[in-house]
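Visitor:
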Amino acid sequence: MHKVLVVDDDKVLQDSVRQALEYHHFFVEVADNGKEALNKVTQEKYDLVVMDVNMPEMDGIEALQHMKKYDPSLIVIILTAFSNVSDAVKVVKEGAYNYLEKPITSENLVALIKRALKARSLVETTIFSAPSLSLGKGTDDQFVGESDVMQKVFSIISKLAQVNTPVLIRGESGTGKELVAKAIHFNGPRKDEKFVTINLAAVPDNLIESELFGHEKGAFTGASERKIGKFQYADGGTIFLDEIGDISPTMQVKLLRVLQEKTFTPIGSNRDVKVDVRVIAASHKPFEKMIEEGTFREDLFYRLNVLPVYLPPLRERTADIPFLVDYYVDYFNNIHNLEIKGPTSDAAETLKGYAWPGNIRELRNVIEHAFIIESGDFINISSLPDTLRKSSASLDEARESEGLIDIKGIKDSVFDDESKVVQDGAYKFTFATKGEDNQIVMDFQEAKEQFEMEFIVHALKLNKGKINQTALKANIPKKTLLRKIEKYSINPKSFY
Ligand SMILES: Nc1ncnc2c1ncn2[C@@H]1O[C@H](COP(=O)(O)OP(=O)(O)OP(=O)(O)O)[C@@H](O)[C@H]1O
Ligand SMILES: [Mg+2]
Numbered sequence: 004m005h006k007v008l009v010v011d012d013d014k015v016l017q018d019s020v021r022q023a024l025e026y027h028h029f030f031v032e033v034a035d036n037g038k039e040a041l042n043k044v045t046q047e048k049y050d051l052v053v054m055d056v057n058m059p060e061m062d063g064i065e066a067l068q069h070m071k072k073y074d075p076s077l078i079v080i081i082l083t084a085f086s087n088v089s090d091a092v093k094v095v096k097e098g099a100y101n102y103l104e105k106p107i108t109s110e111n112l113v114a115l116i117k118r119a120l121k122a123r124s125l126v127e128t129t130i131f132s133a134p135s136l137s138l139g140k141g142t143d144d145q146f147v148g149e150s151d152v153m154q155k156v157f158s159i160i161s162k163l164a165q166v167n168t169p170v171l172i173r174g175e176s177g178t179g180k181e182l183v184a185k186a187i188h189f190n191g192p193r194k195d196e197k198f199v200t201i202n203l204a205a206v207p208d209n210l211i212e213s214e215l216f217g218h219e220k221g222a223f224t225g226a227s228e229r230k231i232g233k234f235q236y237a238d239g240g241t242i243f244l245d246e247i248g249d250i251s252p253t254m255q256v257k258l259l260r261v262l263q264e265k266t267f268t269p270i271g272s273n274r275d276v277k278v279d280v281r282v283i284a285a286s287h288k289p290f291e292k293m294i295e296e297g298t299f300r301e302d303l304f305y306r307l308n309v310l311p312v313y314l315p316p317l318r319e320r321t322a323d324i325p326f327l328v329d330y331y332v333d334y335f336n337n338i339h340n341l342e343i344k345g346p347t348s349d350a351a352e353t354l355k356g357y358a359w360p361g362n363i364r365e366l367r368n369v370i371e372h373a374f375i376i377e378s379g380d381f382i383n384i385s386s387l388p389d390t391l392r393k394s395s396a397s398l399d400e401a402r403e404s405e406g407l408i409d410i411k412g413i414k415d416s417v418f419d420d421e422s423k424v425v426q427d428g429a430y431k432f433t434f435a436t437k438g439e440d441n442q443i444v445m446d447f448q449e450a451k452e453q454f455e456m457e458f459i460v461h462a463l464k465l466n467k468g469k470i471n472q473t474a475l476k477a478n479i480p481k482k483t484l485l486r487k488i489e490k491y492s493i494n495p496k497s498f499y
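Residue numbering for the sequence shown follows our numbering, starting at 4 and increasing by one per position.
#1: Taking only the alpha-carbon atoms, compute the straight-line gap between Pro289 and Ser497 and give it to the nearest angstrom.
#2: Do the region 273-282 and the region 308-328 meet, that is, are 3 or more Cβ pairs less than 8 Å apart?
#3: Does the CB of Met54 have a neighbour CB from chain D at under 8 Å?
#4: So what does Arg173 bridge to, in DSSP terms?
#5: Pick out whichever of Lys292, Glu246 and Gln235 has its Cα sitting closest to the Cα of Thr266.
#6: Starting from Ile78, trace the beta strand (DSSP E) both ways and give me its first and last residue.
#7: State the Cα-Cα distance for the pair Ala285 and Asp249, rounded to the nearest angstrom.
#8: Taking contact to mean 3 or more Cβ pairs, one atom from each stretch, closer than 8 Å, check whether the region 336-351 and the region 369-385 are in contact.
#9: According to DSSP, is Gly37 helix, strand or coil?
#10: Would you list the residues sitting across from Asp50 in a DSSP beta bridge?
#11: Span of the beta strand (DSSP E) holding Glu104?
#12: Can you pull the DSSP bridge partners for Lys6?
#13: With DSSP as the reference, label Leu244 as helix, strand or coil.
#14: Over the uninterrupted alpha helix (DSSP H) stretch that includes Asn209, give me the two end residues.
#15: Following a CB-centred definition, is Asp144 positioned closer than 7 Å to any heavy atom of ligand 1?
#16: When every heavy atom of ligand 1 is checked, does at least one fall within less than 7 Å of the C-beta of Tyr330?
#17: If you run the structure through DSSP and keep just helix, strand and coil, what is Lys277?
#18: Taking all protein chains shown into account, do 16 or more other C-beta atoms lie within 10 angstroms of the C-beta of Thr483, making it buried, or fewer, making it exposed?
#19: Could you check whether the region 166-182 touches the region 298-316, counting it as contact only if at least three pairs of C-beta atoms, one from each stretch, sit closer than 8 Å?
#20: I need the straight-line Cα distance from Glu65 to Leu8, nearest angstrom please.
#21: Please classify Ser76 as buried or exposed, where buried requires at least 16 other C-beta atoms within 10 Å of its C-beta.
#22: Do Leu67 and Val79 have their CB atoms nearer than 8 Å?
#23: Is Thr200 close to ligand 1? I mean its beta-carbon at under 7 Å from any heavy atom of the ligand.
#24: Which residue or residues does DSSP assign as beta-bridge partners of Asn202?
#25: Once DSSP output is grouped into helix, strand and coil, what is the label at Thr45?
#26: Say the cut is 7 Å; is the CB of Glu149 nearer than that to a heavy atom of ligand 1?
#27: Please determine, among Ala462, Lys105 and Gln448, the residue with the shortest C-alpha to C-alpha distance to Leu16.
#28: Please report the straight-line C-alpha distance between Tyr100 and Asp55, rounded to a whole angstrom.
#29: On the three-pair Cβ rule with 8 Å, is the region 207-217 touching the region 321-341?
#30: Please state whether DSSP places Phe146 in a helix, a strand or coil.
#31: Mind checking Asp502: buried by the 16 CB within 10 Å criterion, or exposed?
#32: Using the Cα positions of Phe216 and Ala222, report the straight-line distance between them to the nearest angstrom.
#33: Let me check you understand the geometry: is the CB of Ile363 closer than 7 Å to at least one non-hydrogen atom of ligand 1?
#34: Can you list, in chain order, the residues of its chain whose CB lies under 8 Å from that of Met4, leaving out five sequence neighbours each side?
#35: If we call anything under 8 Å between Cβ atoms a contact, is Ser161 one with Asn190?
#36: Have a look at Ser109 and Leu82 and give me their C-alpha separation to the nearest angstrom.
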């Protein structure tokens with residue numbers, strides 16, 4: 004519930020505004036003049052102040068100035084008798100959100116208050132949104148990642164973008180390795196130069212050398228024209244060697260030479276070519292094992308691995324799932340000209356609980372699949388592929404059969420009159436998990452954090468992501484709430 008302070012020396016007006024706001028479920032307190040109002044504001048947290056101008060003791064303008072000095076985020080709406088533009092401008096300049104001319108109607112006032120609160124919650128939530136990384140001109144693609152691990156990856160990317168050292172990006176298929184490569188290129192000094200990609204797993208072995216380094220006319224059968232290789236083409240820019248774990252030992256030697264000497268020899272040529280190309284490589288292969296088995300050169304690996312980036316699989320950064328889902332819902336709404344609002348809470352749970360072996364690529368496909376099937380406003384669980392639905396059912400079974408404790412009973416008392424949250428099954432909580440040796444593992448700190456996070460997510464859900472309302476209703480000091488939201492990478496916007 005939003006807390007509003009109504010300030011007016013006219014008791015009749017004060018009372019009618021109070022009634023109107025209470026009718027619209029605001030929690031209202033009153034003050035008779037500016038001084039009293041200022042006192043209240045410095046002692047308690049209000050979401051919004053509705054204040055008259057002409058009052059004894061301290062007028063509305065002076066009170067406004069003090070209030071904004073004390074709490075710049077406080078929203079103040081001024082009620083005025085003046086229809087004088089310059090006074091109105093002054094009020095807004097002093098930091099009032101807006102003003103209403105008397106006589107006011109409750110509809111106008113409530114509409115203005117709602118608009119103000121909405122605007123502020125948008126400002127509040129953008130503080131938590133991720134830094135945006137460019138992925139190149141002409142693309143609207145975004146790099147989504149609000150979890151702590153991804154935020155770390157983003158800050159590594161920003162640093163890597165500024166230097167010329169080779170980068171090796173590792174991670175399972177579909178985790179976004181190519182996106183990282185683009186982000187490094189397009190956020191650094193080479194961004195206006197070429198970004199050239201070659202997928203080394205897709206080019207036949209006998210053609211890789213010519214693709215990378217080019218050939219002279221007649222260098223081999225079929226080489227009817229001279230051809231420039233990708234390294235030369237990328238001169239000044241970046242070459243992205245995707246699936247580098249797949250190349251033959253001969254090619255490994257040749258790549259090592261480019262990395263060491265920035266020089267190569269086109270096939271059939273007797274002249275070396277020198278280039279200035281930044282190398283970014285990627286692979287999901289287990290290099291350490293390949294080095295041990297002798298299939299990947301250790302020296303090449305160390306050359307590439309100067310600045311490694313590891314992209315964790317999606318199942319290890321589940322905090323990102325709702326953001327990615329939102330992102331792709333927006334994305335496909337745009338493409339298909341639809342207005343799907345997002346997943347139902349059941350579907351959201353299933354999406355979050357799934358292990359995503361194909362990572363973000365799979366998530367994207369699942370959302371696109373749902374767009375094709377879904378005819379309603381929301382993505383229902385029935386529009387998700389069988390694999391997801393089955394796996395979420397078996398996850399629940401696994402939890403039960405492992406004898407994990409569900410605190411459903413306990414948490415009922417937490418939410419008391421809001422037991423709806425519990426009923427939709429979203430509120431799952433485990434005290435213990437099973438370790439490798441099949442022993443029950445309990446960790447107080449971990450369990451406490453898990454509880455805290457789930458509590459906050461559900462409190463936010465209930466209050467549609469509104470920070471002040473959540474703080475008030477769930478009895479969490481607002482500062483604590485904001486800190487936890489950041490700590491657990493929760494996006495309040497996703498609950499609007
Ligand atoms: N963090 C992210 N935010 C938004 N989209 C993402 C993110 N990560 C990956 N994607 C999208 O997921 C898909 C797969 O990403 P990408 O091709 O970069 O993965 P990859 O690791 O190179 O996979 P592979 O090893 O299979 O080549 C792409 O459509 C990409 O745009
Ligand atoms: Mg790739």
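We treat Cβ as the ideally placed atom computed from N, Cα and C, and that holds for glycine. Since the structure is predicted, the reported quantities are computational estimates derived from the model, not experimental observations.
Guide: This is what the structure holds:
#1: Working through the sequence shown from its first residue, we reach residue 289 at position 286. Working through the sequence shown from its first residue, we reach residue 497 at position 494. Roughly 37 Å separates the two Cα atoms.
#2: no
#3: Structure shown: chain D not included; a single protein chain is present.
#4: As a working note, residue 173 is residue 170 in the sequence shown. Paired residues: Ser286 and Tyr313.
#5: Here residue 266 is taken as the residue at index 263 of the sequence shown, counted from 1. Of Lys292, Glu246 and Gln235, the residue nearest in Cα terms is Gln235.
#6: Translated into the one-based positions of the sequence shown, residue 78 becomes position 75. Residues Ile78 to Thr83.
#7: Taking the sequence shown and counting its residues from 1, one reaches residue 285 at position 282. Taking the sequence shown and counting its residues from 1, one reaches residue 249 at position 246. Their backbone Cα atoms lie some 10 Å apart in a straight line.
#8: yes
#9: For this step, residue 37 is matched to residue 34 along the sequence shown. Helix, per DSSP.
#10: Against the sequence shown, residue 50 aligns to sequence position 47. The partner list for Asp50 (beta bridge, DSSP) is empty, contrary to what the question assumes.
#11: By 1-based counting over the sequence shown, the position of residue 104 is 101. Taken as a continuous stretch (DSSP letters only), the beta strand (DSSP E) holding Glu104 covers Asn101 to Glu104.
#12: Translated into the one-based positions of the sequence shown, residue 6 becomes position 3. Paired residues: Phe30.
#13: Residue numbering aside, residue 244 sits at position 241 when the sequence shown is read from its first letter. Looking at Leu244 - three-state DSSP - the assignment turns out to be strand.
#14: Within the sequence shown, residue 209 is the residue found at index 206, counting from 1. Run containing Asn209: Asp208 to Phe216, per the alpha helix (DSSP H) assignment.
#15: In the sequence shown, the residue the question calls residue 144 occupies position 141. Yes, since a heavy atom of ligand 1 falls inside the 7 Å radius drawn around the Cβ of Asp144.
#16: Position 327 of the sequence shown, counted from the first residue, corresponds to residue 330. Yes; taking the cut-off as 7 Å, the Cβ of Tyr330 has a heavy atom of ligand 1 nearer than that.
#17: The residue labelled residue 277 in the question sits at position 274 within the sequence shown. Strand.
#18: Start at 1 with the first residue of the sequence shown, and residue 483 comes out as number 480. Under this definition Thr483 is an exposed residue.
#19: yes
#20: Working through the sequence shown from its first residue, we reach residue 65 at position 62. Working through the sequence shown from its first residue, we reach residue 8 at position 5. Approximately 16 Å between the Cα atoms of the pair.
#21: Here residue 76 is taken as the residue at index 73 of the sequence shown, counted from 1. The residue is exposed, with fewer than 16 neighbouring Cβ atoms inside 10 Å.
#22: By one-based count along the sequence shown, residue 67 stands at place 64. By one-based count along the sequence shown, residue 79 stands at place 76. Going by C-beta atoms, Leu67 is nearer than 8 Å to Val79.
#23: In the sequence shown, counting from the first residue as 1, residue 200 sits at position 197. Thr200: no, Cβ never under 7 Å from ligand 1.
#24: Translated into positions along the sequence shown, residue 202 becomes position 199. In the DSSP output, where bridge partners are listed per residue, Asn202 has Asp245.
#25: Here residue 45 refers to the residue found at position 42 of the sequence shown. Looking at Thr45 - three-state DSSP - the assignment turns out to be helix.
#26: Within the sequence shown, the letter at position 146 stands for residue 149. No, Cβ of Glu149 sits at least 7 Å from all heavy atoms of ligand 1.
#27: Mapped onto the sequence shown, residue 16 falls at position 13. For the residues Ala462, Lys105 and Gln448, the minimum Cα distance to Leu16 belongs to Lys105.
#28: Counting from one through the sequence shown, the residue named residue 100 turns up at place 97. Counting from one through the sequence shown, the residue named residue 55 turns up at place 52. So the alpha carbons of these two residues sit roughly 14 Å apart.
#29: no
#30: Here residue 146 corresponds to residue number 143 of the sequence shown, with the count starting at 1. Here Phe146 sits in coil by DSSP.
#31: The chain is shown only over 4 to 499; residue 502 falls outside these bounds and no answer can be derived.
#32: Taking the sequence shown and counting its residues from 1, one reaches residue 216 at position 213. Taking the sequence shown and counting its residues from 1, one reaches residue 222 at position 219. Phe216 and Ala222: Cα-Cα distance of roughly 12 Å.
#33: The count along the sequence shown starts at 1 and reaches residue 363 at position 360. Result yes, Cβ under 7 Å from ligand 1.
#34: Counting from one through the sequence shown, the residue named residue 4 turns up at place 1. Contacts found: His28, Phe29, Phe30, Gln472, Leu475 and Lys476.
#35: Taking the sequence shown and counting its residues from 1, one reaches residue 161 at position 158. Taking the sequence shown and counting its residues from 1, one reaches residue 190 at position 187. Going by C-beta atoms, Ser161 is nearer than 8 Å to Asn190.
#36: For the purposes of this step, residue 109 is identified with residue 106 of the sequence shown, where counting begins at 1. For the purposes of this step, residue 82 is identified with residue 79 of the sequence shown, where counting begins at 1. Cα-Cα distance, rounded: 12 Å.
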